[in-house]
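The structure appears below as structure tokens.
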Amino acid sequence: MGNNGRVTRPASTRAARLDQVCAAAVEVARDAITEVEPTDVGDHLRAVAEGDRVVTHYFECRLAGYLGWRWAVTVTRVPRSRHVTVCETVLLPGSDALLAPGWVPWQERLKPGDLGPGDLLPTPPDDERLTPGYLLSDDPAVEEISWELGLGRPRVLSREGRAEAAQRWYDGDHGPSAPISVGAPAAARCGTCGFYLPLAGALRQNFGACGNFYAPDDGRVVSADHGCGAHSETLVDAAEPPVDELPTVYDDSAVEAVTVSRAPGSVAAAEPAEPYGHP
Numbered sequence: 005m006g007n008n009g010r011v012t013r014p015a016s017t018r019a020a021r022l023d024q025v026c027a028a029a030v031e032v033a034r035d036a037i038t039e040v041e042p043t044d045v046g047d048h049l050r051a052v053a054e055g056d057r058v059v060t061h062y063f064e065c066r067l068a069g070y071l072g073w074r075w076a077v078t079v080t081r082v083p084r085s086r087h088v089t090v091c092e093t094v095l096l097p098g099s100d101a102l103l104a105p106g107w108v109p110w111q112e113r114l115k116p117g118d119l120g121p122g123d124l125l126p127t128p129p130d131d132e133r134l135t136p137g138y139l140l141s142d143d144p145a146v147e148e149i150s151w152e153l154g155l156g157r158p159r160v161l162s163r164e165g166r167a168e169a170a171q172r173w174y175d176g177d178h179g180p181s182a183p184i185s186v187g188a189p190a191a192a193r194c195g196t197c198g199f200y201l202p203l204a205g206a207l208r209q210n211f212g213a214c215g216n217f218y219a220p221d222d223g224r225v226v227s228a229d230h231g232c233g234a235h236s237e238t239l240v241d242a243a244e245p246p247v248d249e250l251p252t253v254y255d256d257s258a259v260e261a262v263t264v265s266r267a268p269g270s271v272a273a274a275e276p277a278e279p280y281g282h283p
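First residue of the sequence shown: 5, per the numbering used here; consecutive thereafter.
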């Protein structure tokens, strides 16, 4: 048997040819934009072939707030007919159009501090940070309390939840890289401070709460290698610095005359001496 060659042909990939009748229907396309005033439709930009006898006309958009947008009107005609009909009209953004940011679910838009008094923040049932309380949480302190009471919390932090919280605390304002910690003495670390209250469970090794009334982190969770100037073992030398006393200098090489006033009735120097009744 001889070679019969390929029995199928690849699909044609030729570009659509611009239909001249549809391309000339610029005014038909312009008149199809009825959603706005005629002054909001600008100059004709171009005509693009979408398929056989299907052409899209693009017009400049002059609507306020739609800089870079364009009107797109698609027209077509039936074979052997010179009558053009409108398929659709739409407003599309151009390459330099001003677009609104993409929609983000509200759970992903929340940031620390957004929750105010009276606000409710429901936790999704499939939150990976939590695990049912009756399952093992890999945290001995949590499991001990749950089994002792018999009725633990419905959900507790999972391993992922604890890791996420620990990393957030460590990288935040209460970790070792915080400005107040960097400026503190190298030995003034929270893990060796008497005001440091270690957390329970798996986080005990690295985190605790500050109990120093005068510390800026009072009542907050801090890392063990965080630090500040209010460390319990910070000692400041209170001794006063010595004062250099200058020697006393007496200048007796000159005499300064000082006038002394006399009170009324005093004896003048020129008056004769008074007799005292004895020789």
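Glycine included, every Cβ here is placed at the ideal spot set by N, Cα and C. This structure is a prediction, so every number in the text was calculated from the model and none was measured.
Item, Value
"Exposed unless 16 or more other CB atoms sit within 10 angstroms - verdict on L22", "exposed"
"Reduced DSSP category for W110 - H, G, I as helix; E, B as strand; rest coil", "helix"
"Minimum Cβ-Cβ distance from P158 to chain C less than 7 Å", "Protein chains in the displayed structure number just one, and chain C is not present."
"Candidates G205, R86, L201, of which the one nearest D222 by Cα", "L201"
"At least 3 beta-carbon pairs within less than 8 Å: the region 186 to 204 vs the region 161 to 172", "no"
"L96, DSSP secondary structure in three states", "strand"
"Residue burial classification, W107 (beta-carbon count within 10 angstroms, cutoff 16)", "exposed"
"As assigned by DSSP and simplified to three states, the class of Q24", "helix"
"At least three beta-carbon pairs within less than 8 Å, the region 72 to 81 to the region 93 to 103", "yes"
"Residues near V88 by beta carbon distance below 8 Å, same chain, minus five either side", "V25, C26, A29, V32, V79, T80, R81"
"Rounded C-alpha distance that separates G69 from R113", "25 Å"
"Straight-line Cα distance separating P109 from D4", "Nothing can be reported for residue 4, as the shown portion of the chain is limited to 5 through 283."
"For E132, the first and last residue of its enclosing alpha helix (DSSP H)", "From DSSP, E132 is part of no alpha helix (DSSP H); its letter is neither H nor E."
"Neighbour-count burial assignment, G154, 16 or more Cβ in a 10 Å radius", "Since pLDDT at G154 reaches only 48, below the 50 mark, its modelled position is unreliable, and the value read off the structure follows with that caveat. So G154 ends up on the exposed side."
"Through-space distance from V58 to A20, alpha-carbon basis", "9 Å"
"Complete beta strand (DSSP E) runs within the region 35 to 107 (minimum length 3 residues, chain order)", "45 to 55, 58 to 65, 73 to 80, 89 to 97"
"G198 and S227 closer than 7 Å at C-beta", "no"
"Where P202 falls: helix, strand or coil (DSSP)", "strand"
"Coil, strand or helix - L161 by DSSP", "strand"
"Close-in-space but distant-in-sequence residues of the same chain around R159 (CB under 7 Å, 5 per side omitted)", "L134, T135, P136, G137"
"Endpoints, the alpha helix (DSSP H) within which S185 is located", "183 to 186"
"Residues of its chain near T43, where Cβ-Cβ distance is below 8 Å and the 5 sequence neighbours each way are ignored", "R66"
"Extent of the continuous beta strand (DSSP E) to which G212 belongs", "211 to 214"
"F211, buried or exposed, once every other Cβ within 10 Å from all chains shown has been counted against 16", "buried"
"Given S219 as reference, the closest of E64, G233, Y174 once Cα atoms are compared", "With the sequence shown as reference, residue 219 is identified as Ala, and Ser is not the correct amino acid for it. Of the listed residues, the one whose Cα sits closest to A219 is G233."
"Buried/exposed call for V77, threshold 16 Cβ in 10 Å", "buried"
"Assigned exposure category for A242 - 16 Cβ within 10 Å defines buried", "Any reading at A242 must be qualified, since the residue scores a pLDDT of 49, below 50, and its modelled position is unreliable; no value is offered."
"Run of the beta strand (DSSP E) containing S236, from where it starts to where it stops", "Segment: none, S236 is in no beta strand (DSSP E) and carries neither H nor E."
"Assumed close pair T297, I37 - CB separation to whole angstroms, cut-off 8 Å", "The requested residue 297 does not occur in the structure, where the chain is confined to residues 5 to 283."
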